[in-house]
Amino acid sequence: MTLRGALTSPFATLAVVALVWLAAVPALGIGPRYLPPLGAVAAEAARLWPDLSAGFLRTAYETLLGFLAGAVLGIACGTAFATVRLLERSVFPLFVALQSVPVIAFGAIVVIWFGNTILSKVVIALYLAFFPVAVNTLRGLSGVDPQRVALLRSFGAGKWRLFLTLALPSAAPVIMTGLKLGVSLSLAGAIVGEWFGDTVGLGVLLLQALYFEQATRVWVLIVACGLLGALLYGTLSLLERRFVWWRAD
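Counting from 10, one number per residue, gives the positions in the sequence shown under this note's numbering.
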């Protein structure tokens, strides 16, 4: 890795943020209620480690299940909307309206339907991940160059060949943008879902820390949620570089 690459890497950014945090709190006299010292946050994370690691894995599991389900459903619906314009005009506005429903209200209904189970958290994560994936799939498939479509048709390509060799590859960079947005939203959905009742998860620990006004523990959980989100986003970015290295026009 070059020096420029090292300086612009996420690890360098994290190191800079940690150094600024470490120096700014005592230098500016920031009270622990607003921003505790980095050392206190690290010590609290060590004390909380068994519950923190279990909660991290549980929330990651819920997020991944919800995201994968939302991604599959979103790509399928986006493809259907792009293929059948009648569906886009009649059904797509309903999905837009559903997205205006607050996640807390939707989560309450889901918990009533499925109870305080892992399924309810997965459904809430799916609900938030689905829409950006569907919208970006529709946008990507609708933006295929018509001249390229005409060219392939002149060589006798059918609908499936057009979809697999032109439309899907052309839309893939846009779909990846929706997937990266969806995975972040699915994490938020899983955490909110845990607020309705559970015993394990980052959302549970966060709610408990807020209830008892444990500011240092809240910051531990903020960092843990941020790391989980960055890990999921970074994984998708690596997959994008490996398999979707071209860019949309």
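Note that the Cβ used here is the ideal one computed from N, Cα and C, for glycine as well.
### Message
Applying the 10 Å Cβ sphere with the 16-neighbour rule, what's the burial state of G38?
### Response
As a position in the sequence shown, residue 38 is number 29, starting the count at 1. G38 is exposed by the Cβ-count criterion.
### Query
According to the neighbour-count rule (16 or more other Cβ atoms, all chains shown, within 10 Å of its Cβ), is T126 buried or exposed?
By 1-based counting over the sequence shown, the position of residue 126 is 117. Exposed: under 16 other Cβ atoms inside 10 Å.
### Query
When we look at the beta-carbon of L71 and count the other beta-carbons within 10 Å, is it buried (16 or more) or exposed?
One-based indexing of the sequence shown puts residue 71 at position 62. The displayed chain sequence assigns Glu, not Leu, to residue 71. By the neighbour-count rule (16 or more Cβ atoms within 10 Å), E71 is buried.
### Query
How big is the Cα-Cα spacing for G48 and L31?
Counting from one through the sequence shown, the residue named residue 48 turns up at place 39. Counting from one through the sequence shown, the residue named residue 31 turns up at place 22. Computed Cα separation, rounded: 8 Å.
### Query
In chain order, what residues of the same chain have a beta carbon less than 7 Å from the beta carbon of L57, not counting five sequence neighbours either side?
For the purposes of this step, residue 57 is identified with residue 48 of the sequence shown, where counting begins at 1. Contacts found: R226, V229.
### Query
Considering only C-alpha positions, which residue in the set L147, F115, R148 is nearest to I133?
Walking along the sequence shown from the start, residue 133 turns up at place 124. Ranking the options by Cα distance to I133, first place goes to F115.
### Query
Which residues in the same chain as P178 place their Cβ atom closer than 8 Å to its Cβ, once the five residues preceding and following it in sequence are excluded?
Within the sequence shown, the letter at position 169 stands for residue 178. Same-chain partners within the cutoff: W255.
### Task
Using the Cα positions of F76 and P45, report the straight-line distance between them to the nearest angstrom.
Along the sequence shown, read from residue 1 onward, the residue named residue 76 stands at position 67. Along the sequence shown, read from residue 1 onward, the residue named residue 45 stands at position 36. Rounded to the nearest angstrom, the two C-alpha atoms are 33 Å apart.
### Message
I want to know whether the segment 103-120 touches the segment 159-166 - three or more CB-CB distances under 8 Å.
### Response
no
### Message
I'd like to know whether the C-beta atoms of G87 and G210 end up nearer to each other than 8 Å.
### Response
Position 78 of the sequence shown, counting from 1, holds the residue named residue 87. Position 201 of the sequence shown, counting from 1, holds the residue named residue 210. Not in contact: G87 and G210 (Cβ atoms no closer than 8 Å).
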